[in-house]
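Undergrad: Next up is a structure, given as structure tokens.
Protein chains: 2
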Amino acid sequence: MSQTDTVSRILDAAEVLFAERGFTETSLRTITSTAGVNLAAVNYHFGSKKELIQAVFERFLTPFTDALESELDRRIASGQPLRVEGLLESLYRVGLGSLSERGLDPQRFMRLLGLAYTQFQGHLRRFIVSRYGESYRRFAGLLAEALPGVDPVTFYWRLYFMLGATIFTLSSYDAIEAILREDFGAQSSLQETLERLVPAASAMLKVEAS
Amino acid sequence: MSQTDTVSRILDAAEVLFAERGFTETSLRTITSTAGVNLAAVNYHFGSKKELIQAVFERFLTPFTDALESELDRRIASGQPLRVEGLLESLYRVGLGSLSERGLDPQRFMRLLGLAYTQFQGHLRRFIVSRYGESYRRFAGLLAEALPGVDPVTFYWRLYFMLGATIFTLSSYDAIEAILREDFGAQSSLQETLERLVPAASAMLKVEAS
DNA sequence: GCCAGAGTTAAACAACTGTTTTAAATGATG
DNA sequence: CATCATTTAAAACAGTTGTTTAACTCTGGC
Chain D
158 MSQTDTVSRI LDAAEVLFAE RGFTETSLRT ITSTAGVNLA AVNYHFGSKK
208 ELIQAVFERF LTPFTDALES ELDRRIASGQ PLRVEGLLES LYRVGLGSLS
258 ERGLDPQRFM RLLGLAYTQF QGHLRRFIVS RYGESYRRFA GLLAEALPGV
308 DPVTFYWRLY FMLGATIFTL SSYDAIEAIL REDFGAQSSL QETLERLVPA
358 ASAMLKVEAS
Chain E
158 MSQTDTVSRI LDAAEVLFAE RGFTETSLRT ITSTAGVNLA AVNYHFGSKK
208 ELIQAVFERF LTPFTDALES ELDRRIASGQ PLRVEGLLES LYRVGLGSLS
258 ERGLDPQRFM RLLGLAYTQF QGHLRRFIVS RYGESYRRFA GLLAEALPGV
308 DPVTFYWRLY FMLGATIFTL SSYDAIEAIL REDFGAQSSL QETLERLVPA
358 ASAMLKVEAS
């Protein structure tokens, strides 16, 4: 088994298990036995469990932010003014499209993102902010430009409202979808849910102060 | 030290520590030493750590849902038609008011609620649904009545969007507020944040399908 | 005054945690 | 082919976890 093979098998297993159970609830022994590698391989290749967690996020977030940056470049190059709906569509299309192209599961991605915010791993929050903060600020800046009437503080609170609605809903997507299917017999795909989310989140961002 | 004293000291300590660190990350030894009681007291009084977690939520949720039910009764008795903004205001006012009256911290309450959704404690989700599902369905039903033009499936997705925005934002309230204070020098109280949340969430619920 | 039962205490339990060690095996390079 | 760093393997490490035990103290009712 080559080195890269061992490394990516560990990442594959850790990604799935972390998304299913959380970080503390997933032991290195569970990860390595699922991956079919030796227990010591984690500490050898990654150094520690913390660094493994960060590596899992890096493999997720780098293609995502790269694709988002190119998408934003494309939109800006087109010369058309940026609208709120378009920016959110870009965000969700990139999350759905570019990740699944690379064989990454977008729901797992959202579950992991939700974990990063709610589990108490200070190192992880710091890692994400330092590595991906710039992309985040760029997107937020463009969104703010598309909302000229909204004062900055109100805008930022609404940005968090939007993030909360997105991360919370998509990270529990399976559970919510199952409830709705049982109660209404209506299936909704992830795609359809995002199509509901775009106008809803846009309305929330744009609403006139009452 | 009387029995009720020991029980509530354990609940007090567990409530704070769970909200700060999560369930798995908080050991019974940390709880009991913070509470100043013996380690075995948890298993003696509550049976297990799981049941202690449920007891913490019960102490939070029962006064909250009771107060929400009375508030809804009052609104209905007033005879005025129920509007979306009014229902959300009721929800938030009860969360802010009735809890702090009893000396409970509303932010801690929200952090715990967020944990209940994102940590992987199947027993906790089941406990909350079975104990408080009826209050939840009553509130959701009234909200749906105030939104006659929205089809049921869309309504339920938007309800989850709203829950996500609320729980995510308020459970990270301290962190978000600190960032905004640093970047804009503008303080916002929890009260003010809820006043921003009411129109934003209402707009999200009411938006016409595009 | 005494005694049953509730409450508390310290100690020990077995299981599990992340990490390290030591030795063997592997694989590329000269 | 021999060499040496890289990689794997199994075992042991020290620490923590939730839970249980058994002896102890205290209190309220007769």
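Chains as they are written, first to last, in my numbering: chain D, 158 to 367; chain E, 158 to 367. Ideal placement from N, C-alpha and C gives every residue a C-beta, glycine not left out.
1) With 8 Å set as the bound, which would you pick, yes or no: does the beta-carbon of D:Tyr317 sit closer than that to a beta-carbon of chain E?
2) Check each candidate in E:Arg295, E:His280, E:Asp169, E:Asp162 and name the one with the smallest Cα separation from E:Glu265.
3) Within its chain, find whatever has a CB closer than 7 Å to the CB of E:Ser345; leave out the 5 residues flanking it on each side and keep chain order.
4) Give a yes or no on contact between the region 224-235 of chain D and the region 180-195 of chain D, applying the rule of three or more CB pairs nearer than 8 Å.
5) Considering only C-alpha positions, which residue in the set E:Thr163, E:Gly179, E:Leu174 is nearest to E:Gly273?
6) How far does the alpha helix (DSSP H) with E:Phe296 in it extend, from its first residue to its last?
7) Could you give the DSSP three-state label for E:Asp162: helix, strand or coil?
8) Determine, using beta carbons only, whether E:Ile210 comes closer than 8 Å to chain D.
9) Can you pull the chain D residues whose beta carbon is under 7 Å from the beta carbon of E:Pro238, in chain order?
10) Does the distance from the C-beta atom of E:Thr275 to that of D:Gly271 stay below 8 Å?
11) Would you identify the three-state DSSP class for D:Asp230, choosing helix, strand or coil?
12) If we ignore side chains and look at the alpha-carbon of each, how far apart do D:Gly254 and E:Gly204 end up?
13) Using Cβ-Cβ distances below 9 Å, what residues of the region 299-323 of chain D are close to chain E?
14) In angstroms with no decimal places, state the Cα-to-Cα distance between E:Ser257 and D:Arg240.
15) Compare the C-alpha of D:Phe341 against each of E:Gly260, E:Tyr289, E:Tyr313, E:Asp223 and name the closest.
16) Do we get a CB-CB distance below 8 Å when we pair D:Ile333 with the residues of chain E?
17) At which residues does the alpha helix (DSSP H) containing E:Val251 begin and terminate?
18) Rounded to whole angstroms, what's the CA-CA distance from D:Asn195 to E:Pro356? Just pull it up for me.
19) Output, in sequence order along the chain, the residues in the region 169-184 of chain D whose CB is closer than 8 Å to any CB in chain E.
20) Comparing C-alpha positions only, which one of D:Lys363, D:Glu352, D:Val173 sits nearest to D:Gly260?
21) Just confirm the distance between the C-beta atoms of E:Met361 and E:Phe318, as a whole number of angstroms; I'd bet it's less than 8 Å.
22) If I measure Cβ to Cβ from D:Ser328 and keep anything under 6 Å in the same chain, skipping five residues before and after, which residues do I get?
23) Which bits of chain D does E:Ala357 rub up against, with CB to CB less than 7 Å?
24) Between the Cα of E:Ser227 and the Cα atoms of E:Tyr201, E:Val213, E:Ser247, which residue gives the shortest distance?
25) What does E:Ser329 reach in chain D if we use C-beta pairs closer than 7 Å?
26) Closer than 6 Å by C-beta to D:Ala224: which residues in its own chain qualify, once you throw out the five before and the five after it? Chain order, please.
27) Cβ closer than 7 Å: which chain E residues qualify as neighbours of D:Arg283?
28) Quick check on E:Arg353 - is its C-beta less than 8 Å from some C-beta in chain D?
29) Within a Cβ cutoff of 7 Å, which residues of the same chain sit near E:Leu299, ignoring the five residues on either side of it in sequence?
30) Counting along the chain, where does the alpha helix (DSSP H) carrying D:Asp340 start and finish?
31) Output, in chain order, the set of chain E residues within a Cβ distance shorter than 7 Å of D:Gly193.
32) Do you know how far the Cα of E:Ala171 is from the Cα of E:Leu213?
33) Under 9 Å, CB to CB, which of the residues in the region 242-267 of chain D have a partner in chain E?
34) Under a three-way DSSP split, which group does E:Asn195 fall into?
TA: Per the coordinate set shown:
1) yes
2) Residue identity differs from the one stated: residue 265 of chain E is Arg in this sequence, not Glu. The candidate whose alpha carbon is nearest that of E:Arg265 is E:Asp169.
3) Glu334, Leu337
4) no
5) In the sequence under discussion, the amino acid at residue 273 of chain E is Ala, which differs from the Gly named in the question. Checking every option, the nearest Cα to that of E:Ala273 belongs to E:Gly179.
6) 279-302
7) helix
8) no
9) Neighbours of E:Pro238 on chain D: none; closest Cβ ~18 Å, over 7 Å.
10) yes
11) helix
12) 48 Å
13) Pro309, Val310, Thr311, Tyr313, Trp314, Arg315, Tyr317, Phe318, Met319, Leu320, Gly321, Ala322, Thr323
14) 41 Å
15) E:Tyr313
16) yes
17) 241-258
18) 54 Å
19) Glu177, Arg178, Gly179, Thr181, Glu182
20) D:Val173
21) 6 Å
22) Met267, Arg268, Gly271
23) Arg315, Phe318, Met361, Val364
24) E:Ser247
25) Tyr274
26) Val251, Ser255
27) The contacting residues do not exist; D:Arg283 stays about 12 Å from chain E at best.
28) yes
29) Leu229, Leu239, Leu244
30) 330-341
31) In chain order: nothing, as chain E lies at least about 24 Å away.
32) Strictly speaking, residue 213 of chain E in this sequence is Val, with Leu absent from that position. Cα to Cα, E:Val213 sits roughly 7 Å from E:Ala171.
33) Glu242
34) coil
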